[in-house]
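Report on the following structure.
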Amino acid sequence: MQVGIRSETIKIVKSTLPILETKGEIITKRMYEILFTKYPETKDLFKNAPSNQHQKLANLIYLYAVNIENIAKIDKILDVVAKSHVKAGVKPEHYPLVGESLLQAIKEILNPPENVLKAWEEAYNNLANVLIEKEKRLYSQLDNSI
Ligand code: HEM
0 MQVGIRSETI KIVKSTLPIL ETKGEIITKR MYEILFTKYP ETKDLFKNAP
50 SNQHQKLANL IYLYAVNIEN IAKIDKILDV VAKSHVKAGV KPEHYPLVGE
100 SLLQAIKEIL NPPENVLKAW EEAYNNLANV LIEKEKRLYS QLDNSI
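FYI, numbering that gives the first Met the number 0 numbers position 26 of the sequence shown as 25, with every residue one higher than the one before it.
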């Protein structure tokens with residue numbers, strides 16, 4: 000469950016949907032460049048990733064923005080992402096690195112006003128928390144099965 004996302008944030012995130020549709024992939028491509036330059040230690044996690052990984056991320060962020068008031072609708076998809084993350088060894092501490100890189104990419108490419116950046120920061124953190132919770136459960140199931 001995501002908790003406490005503000006209605007103003009929802010409104011702003013929704014207002015960026017048209018721009019995400021056209022610029023989403025450019026933003027996520029740039030996000031990976033920033034991530035791998037600033038935090039090269041994360042590169043290894045992506046060793047089995049497909050070449051369209053940035054498209055997958057952009058699609059999911061778009062889908063999240065569409066369903067931000069009711070993310071239960073994309074719960075099954077988030078389960079698939081969490082499984083993929085656990086398989087690759089993604090940990091909670093990686094999320095702020097991706098978040099920082101994503102926000103920097105949004106800033107560079109869209110140069111939006113501060114309230115839009117803040118709204119996306121809050122939205123990203125909410126999505127990250129939902130995934131982190133799912134992944135915690137999966138990691139503990141793995142621990143219990145050993
Ligand atoms: C809210 C944040 C994130 C979103 C929305 C997201 C989204 C996705 C999506 C949609 C996939 C593809 C799932 C599939 O089709 O199987 C994926 C896979 C993956 N993500 Fe994330 N991700 C996020 C955070 C992270 C973080 C923090 C890391 C680590 C730095 C990470 C690393 C990976 C890796 C390694 C894969 C698997 C690539 C592969 O081997 O196929 N992701 N993610």
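Cβ atoms here follow ideal geometry from the backbone N, Cα and C, with glycine treated the same way.
| Asked | Found |
| --- | --- |
| Taking L34 and A87 to be in contact with their CB atoms under 8 Å, please state how far apart those CB atoms are, rounded to whole angstroms. | Contact flag wrong, Cβ pair sits at about 14 Å. |
| If we ignore side chains and look at the alpha-carbon of each, how far apart do E68 and N125 end up? | 12 Å |
| Below 8 Å between beta carbons: does that hold for Y138 and V85? | yes |
| For the alpha helix (DSSP H) that contains A64, what are its first and last residues? | Q52 to V65 |
| Check whether the region 25-39 and the region 97-104 are in contact - that is, three or more C-beta pairs closer than 8 Å. | yes |
| Just checking my contact of A57 with I26 at CB under 8 Å: how many whole Å lie between their CB atoms? | 7 Å |
| Just to confirm, does H84 get its C-beta within under 7 Å of one of the non-hydrogen atoms of the ligand HEM? | yes |
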